[in-house]
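A.B. asks:
In our numbering, the protein residues as written are 106 to 197.
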């Protein structure tokens with residue numbers, strides 16, 4: 106593995122020092138010498154040198170068909186009345 110890697114906008118990366126610290130490339134400066142990463146918490150931004158990060162093969166969120174959680178998708182732009190007999194998939 107080379108110490109000089111180039112990362113594209115939107116790619117998922119992780120810290121080489123702490124692989125549990127992951128995020129997505131949202132900016133770069135100094136001709137790819139530094140990358141701004143939005144961390145997985147969705148709020149924090151950090152600038153990392155290119156040699157401090159690596160590609161994260163597990164960083165992309167799971168596909169919708171792989172989602173086996175008990176989450177009810179709601180479109181808040183459409184009005185829907187909830188009653189006692191409304192099917193919520195066991196989430197409510």
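All C-beta atoms in this analysis are idealised placements derived from N, C-alpha and C, irrespective of residue type, glycine included.
(1) Using DSSP's beta-bridge definition, name the partner residues of residue 118.
(2) According to DSSP, which residues form a beta bridge with residue 140?
(3) Tell me which same chain residues have a C-beta within less than 8 angstroms of the C-beta of residue 208, skipping the five on either side of it?
(4) Under 8 angstroms between the Cβ atoms of residue 139 and residue 153?
(5) Should residue 147 be labelled buried (16 or more other beta-carbon atoms within 10 Å of its own) or exposed?
C.D. replies: Let's see:
(1) For the purposes of this step, residue 118 is taken as the residue at position 13 of the chain shown. DSSP output for residue 118 lists 128 and 160 as bridge partner(s).
(2) Position 35 of the chain shown holds residue 140. According to DSSP, which records beta bridges pairwise, residue 140 is partnered with 133 and 153.
(3) Residue 208 lies beyond the stretch modelled for the chain, which goes from 106 to 197, so this question has no answer here.
(4) As a position in the chain shown, residue 139 is number 34, starting the count at 1. As a position in the chain shown, residue 153 is number 48, starting the count at 1. Their beta carbons are under 8 angstroms apart, which means residue 139 touches residue 153 by this criterion.
(5) As a position in the chain shown, residue 147 is number 42, starting the count at 1. By the neighbour-count rule (16 or more Cβ atoms within 10 Å), residue 147 is not buried but exposed.
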